[in-house]
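Everything below concerns the one structure shown next.
Residue numbers (the working numbering): 4 to 349.
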């Protein structure tokens, strides 16, 4: 990992980055451009629709060929999900109703209740890196001491949960096919969460039945469910690398600072150009967390204008795989460690 010296992260002399000043300067990038937003949506939606229909045509004669086309379509649904994500931050368009309308429509495609997800995602932003306010909707992360305090069975359960086969193998189906059919936290859900979830479920069912009149319900499911799973797998991996890297930042109040945690607790997943485009620049996650109103089509400009920001928390595609080995936050060493490193710690 191309990590930069950032302890303490609030020291501009050591990092070259004054978070307060950077946050102020980033406001210039938060102005939405409706024409640009419409263009970004169209150039993503058209290839997605074309590949979806190709998958449907191929499925009739070859399920395997249809599955390959579904995988290609999923690449564009990842970008549509990031657009939906920007709508949730009211960052994509200049008008609230435009963001919400497109966000809700895309929520049917992504099997994600827009309003419910938007509220919970806002909570993710406001609590990120806070050890005293970890949320069930995030990837569960224990400290070394918390892990040691578990029973042997509890440790086994945590190891199984953090295994990449669980997070990337079972996680996508669990979250997007099952968990999102109800509010994320039913006991804490608002009336709006229930309305969002149930209306999205109804719209999904209606869309499946409607398209089923054209190509058959079984074929619709064979095309779209794999697209959802491919998309969700990529999305969960992106989310993992964005926060589960060695030099991330966790703290407890009063030491926890929202802006410091936003920037230093999020990575810059520096992907090759085509992948950066397909993922809607969401890999520029440290900037996104510090200023969530910057739309995806302006994040690249931020990196060009602030080269020191581009270097901060940078993780390449190859380096990202190492993140899958890190599972525990070491409060003494202030870094995310592997199980083996935790076992060797005093």
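Ideal Cβ positions, reconstructed from N, Cα and C, are used throughout, including at glycine.
Status (buried if at least 16 other CB within 10 Å, exposed otherwise) for residue i
i	result
residue 42	exposed
residue 308	exposed
residue 116	buried
residue 73	buried
residue 139	exposed
residue 193	exposed
residue 87	buried
residue 255	exposed
residue 121	buried
residue 135	exposed
residue 64	exposed
residue 268	buried
Three-state class that DSSP yields for residue i in the structure shown
i	result
residue 250	coil
residue 185	coil
residue 130	helix
residue 236	helix
residue 16	In this prediction, residue 16 has a pLDDT of 49, which is less than 50 and means its spatial position is unreliable; nothing more can be read from the coordinates.
residue 203	helix
residue 319	strand
residue 83	helix
residue 332	strand
residue 279	helix
residue 284	coil
residue 338	strand
residue 260	coil
residue 273	strand
residue 37	helix
residue 230	helix
Rounded Cβ spacing between residue i and residue j (contact assumed at less than 8 Å)
i	j	result
residue 67	residue 234	Incorrect: roughly 19 Å between the Cβ atoms, too far for contact.
residue 2	residue 283	Nothing about residue 2 can be read from this structure; the chain reaches only from 4 to 349.
residue 199	residue 101	Going by Cβ atoms, the distance from residue 199 to residue 101 rounds to 18 Å, so no, they are not a contact pair.
residue 150	residue 158	6 Å
Cutoff 6 Å; reference residue i; Cβ partners in own chain excluding five residues on either side
i	result
residue 146	332, 334
residue 203	110, 116
residue 236	171, 175
7 Å Cβ shell around residue i - same chain, five flanking residues per side excluded
i	result
residue 99	93
residue 26	262, 293, 294
residue 51	76, 79, 80, 83
residue 16	Interpretation of residue 16 is limited by its pLDDT of 49, a score under 50 that renders its predicted location unreliable; no figure is taken from the coordinates.
residue 306	287, 312, 313
residue 336	none
residue 188	139
8 Å CB neighbourhood of residue i in its chain, flanking five on each side removed
i	result
residue 296	33, 92, 93, 94
is_contact[residue i, chain D] using C-beta, thresh 8 Å
i	result
residue 301	This model lacks chain D altogether, as it is built from one protein chain only.
Residue i CB to nearest heavy atom of the ligand NAD below 7 Å
i	result
residue 157	Ligands are entirely absent from the displayed structure, and the ligand NAD is therefore not among its contents.
(message) Going residue by residue through the region 80 to 164, where are the continuous beta strand (DSSP E) segments of at least 3 residues, counting only ones entirely within it?
(response) The region 80 to 164 contains no whole beta strand (DSSP E) run of 3 or more residues.
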